[in-house]
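Anchor point for the sequence shown: position 16 equals 22 in the working numbering, and the numbering is continuous, going up by one each time.
Glycine is no exception: its CB is placed at the ideal position from the N, C-alpha and C atoms.
Here the structure is a predicted model, which is why all the values come from computation and not from measurement.
Accompanying notes for the structure given below.
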Amino acid sequence: GKRASEALAILQFCPRKAAFLIGKTLKSAIANAVQTGADADALIVKRSVIGEGPTMRRIQYKSRGRAGRIRKRSSHIEIVVSDI
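As structure tokens, then:
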């Protein structure tokens, strides 16, 4: 429910890795809305959803002939912006 510019400012000062990725997605959503004719200053974040994406699995070999599994997880980021 925040303005898109305010949400970007919050994400820029957040030290987490996810904040950078969400900020990139939000910038992309704003650019797409401006491309279709919306005013960038009037945009608000309507909805943001982060869901589980595909998991890449690898084998990590261990001592005594055993093996473990490495799971490299990914996620889907969905941000919806709209005019006020």
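Bridge-paired residues (DSSP) for Arg64: Ile76
Supposed close pair Ser11, Asp47 - CB separation, criterion 8 Å: 7 Å
Backbone CA spacing between Thr31 and Arg63 [nearest angstrom]: 26 Å
Lys78 and Val51 closer than 8 Å at C-beta: no
Residues bridged to Val87 [DSSP beta-bridge criterion]: Val51
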